[in-house]
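Undergrad: Take 3 as the starting number for the sequence shown in my numbering and just add one per residue.
My questions will all concern the structure given below.
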Amino acid sequence: MPETSESAPLPPLVGGRYRVQSLLGRGATSTVHRAHDEHRERPVALKVMHRGPAADREMRAARFTRQAELASRVRHSGLVEHYDAATTGDDTYVVTELVVGESLAARVGRDGAIDLSVATRLLRPVMSAIAALHGAGIVHRDVKPENLLISAVCDAPQRSVLIDFGLARAVGDRSDRSPIRQLVGTPFYMSPEQASGMPDLSPACDVWAMGVVLYRVLSGDLPFTGRSPAELLDAIIGGEHDHLGARAPWLPRSVTEWVEGALVADPQRRYRDMIVMEQRAPLEPTRHAS
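So, in structure tokens, the structure goes:
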């Protein structure tokens with residue numbers, strides 16, 4: 003019988019329709035399974051929340067399923083499509099399309115820096131997708147290479163897809179406000195305001211994260227590092243780093259300056275959202291379906 007990450011058994015047919023086939027991954031809050039939707043006869047990704055303590059399960063379940071509600075507000079080929087979200091018994095789950103391929107993190111880890119033309123083809127559709135989110139008043143808050151999947155389906159055009167809306171929030175949403183400051187995001191891709199524990203995060207934090215992604219993809223290196231998590235966060239908050247042009251001198255200056263514009267520590271001086279960053283991109287646009 004399939005198991006959750008807490009070794010609590012899942013029923014073979016979740017929600018009466020999703021037949022669990024295999025485990026795809028484990029995270030801090032959930033496990034992701036490959037499953038088959040027996041009502042629609044299609045493969046899906048089934049993300050199941052860790053059960054955890056019963057005392058706060060209802061609150062955590064509401065937060066967990068909210069990602070599907072937010073993601074369903076915007077349809078874009080660069081966003082993973084969300085199909086369903088529900089709680090049955092002790093299990094809360096979100097169902098999305100199954101994207102078959104590798105992550106951008108795996109691609110960069112294997113090949114190092116990616117040619118500008120290839121990076122443009124892979125990332126422009128995702129930037130367009132994030133711009134659509136920002137236009138709808140949604141901040142993803144966890145843009146990183148691990149959450150960017152490159153599809154690899156035979157006889158189908160290659161597609162780059164942003165996944166995992168687990169940290170996504172509507173701009174101005176204060177429902178998760180806590181008296182204790184909490185860090186939200188993945189350390190290497192956190193903006194200074196995230197690293198500082200600021201509770202209200204604007205679309206500019208996604209702009210910063212995309213700047214770090216571009217820096218890593220185009221140079222093969224990360225702009226901010228540290229010997230400890232605290233040192234890394236201090237480096238991010240300070241904003242000091244090697245200019246992309248110094249790390250990747252083969253790139254056109256217009257490209258390196260554009261990326262550096264996303265890595266300005268003060269969010270008021272950064273591109274305010276991905277719509278503005280896209281408009282200022284010195285890159286050839288790529289065709290995509292919205």
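Cβ atoms here follow ideal geometry from the backbone N, Cα and C, with glycine treated the same way.
Count the CB pairs spanning the stretch 189-199 and the stretch 222-239 that are closer than 8 Å, and state whether there are at least three.
TA: Three or more pairs of CB atoms, one per stretch, sit closer than 8 Å, so the stretch 189-199 contacts the stretch 222-239.
Undergrad: In whole angstroms, give me the CA-to-CA distance for E104 and I165.
TA: Within the sequence shown, residue 104 is the residue found at index 102, counting from 1. Within the sequence shown, residue 165 is the residue found at index 163, counting from 1. Computed Cα separation, rounded: 12 Å.
Undergrad: Whole angstroms is fine: what's the gap from H78's alpha carbon to A134's?
TA: Locating residue 78 in the sequence shown gives position 76, where the first residue counts as 1. Locating residue 134 in the sequence shown gives position 132, where the first residue counts as 1. Each residue's Cα considered, the two are about 8 Å apart.
Undergrad: Identify the continuous alpha helix (DSSP H) that holds G111 and give its terminal residues.
TA: Numbered from 1 along the sequence shown, position 109 holds the residue referred to as residue 111. That run of the alpha helix (DSSP H) goes L106 to D113.
Undergrad: With 16 other CB atoms within 10 Å as the buried threshold, where does S24 fall?
TA: Your numbering for residue 24 matches position 22 in the sequence shown. Here S24 is exposed. Its C-beta has fewer than 16 other C-beta atoms within 10 Å.
Undergrad: In terms of alpha-carbon separation, which member of V50, V215 and A172 lies closest to G91?
TA: By one-based count along the sequence shown, residue 91 stands at place 89. Among V50, V215 and A172, the Cα nearest to that of G91 is on V50.
Undergrad: Under 8 Å: do the stretch 35-47 and the stretch 118-126 share three or more Cβ pairs, one atom per stretch?
TA: no
Undergrad: Cβ of V209 within 8 Å of Cβ of G80?
TA: Here the question's residue 209 lines up with position 207 in the sequence shown. Here the question's residue 80 lines up with position 78 in the sequence shown. It is not a contact, given that the beta carbons lie outside the stated cut-off.
Undergrad: Please classify T227: is it buried, with 16 or more other beta-carbons within 10 angstroms of its beta-carbon, or exposed?
TA: Along the sequence shown, one-based indexing puts residue 227 at 225. By the neighbour-count rule (16 or more Cβ atoms within 10 Å), T227 is not buried but exposed.
Undergrad: In the DSSP assignment, what residue or residues form a beta bridge with P284?
TA: Residue 284 sits at position 282 when you count from the first residue of the sequence shown. As computed with DSSP, P284 is found in no beta bridge at all.
Undergrad: For the stretch 228-266, list the alpha helix (DSSP H) runs that are entirely contained and at least 4 residues long, ordered along the chain.
TA: 231-240, 246-249 and 255-264
Undergrad: The alpha helix (DSSP H) that contains I132, what's its start and end?
TA: Locating residue 132 in the sequence shown gives position 130, counting from the first residue. Residues L118 to G137.
Undergrad: Would you check if the distance between the CB atom of V214 and the CB atom of I116 is smaller than 8 Å?
TA: Numbered from 1 along the sequence shown, position 212 holds the residue referred to as residue 214. Numbered from 1 along the sequence shown, position 114 holds the residue referred to as residue 116. No, they are not a contact pair.
Undergrad: For the candidate residues D144, R249 and Y95, whose alpha-carbon lies nearest to that of F190?
TA: The residue you call residue 190 lines up with position 188 of the sequence shown. Among D144, R249 and Y95, the Cα nearest to that of F190 is on D144.
Undergrad: Are H52 and T67 close, meaning C-beta to C-beta below 8 Å?
TA: Translated into positions along the sequence shown, residue 52 becomes position 50. Translated into positions along the sequence shown, residue 67 becomes position 65. Against a cut-off of 8 Å, the Cβ pair of T67 and H52 comes out as no contact.
Undergrad: Taking its Cβ as the centre, do 16 or more other Cβ atoms sit within 10 Å of H243, making it buried, or is it exposed?
TA: For the purposes of this step, residue 243 is taken as the residue at position 241 of the sequence shown. Under this definition H243 is a buried residue.
Undergrad: Can you pull the DSSP bridge partners for Y95?
TA: In the sequence shown, the residue the question calls residue 95 occupies position 93. Answer is V50 and A88.
Undergrad: Got a sec? Which residues, its chain only, sit under 8 Å from I239 by beta carbon, not counting five neighbours each side?
TA: Position 237 of the sequence shown holds residue 239. Closer than 8 Å at Cβ, skipping near neighbours: P194, A197, S198 and A267.
Undergrad: Classify V141 as helix, strand or coil using the three-state DSSP reduction.
TA: For the purposes of this step, residue 141 is identified with residue 139 of the sequence shown, where counting begins at 1. Three-state result, V141: strand.
Undergrad: DSSP three-state call for P55: helix, strand or coil?
TA: Taking the first residue of the sequence shown as position 1, residue 55 is located at position 53. Here P55 sits in coil by DSSP.
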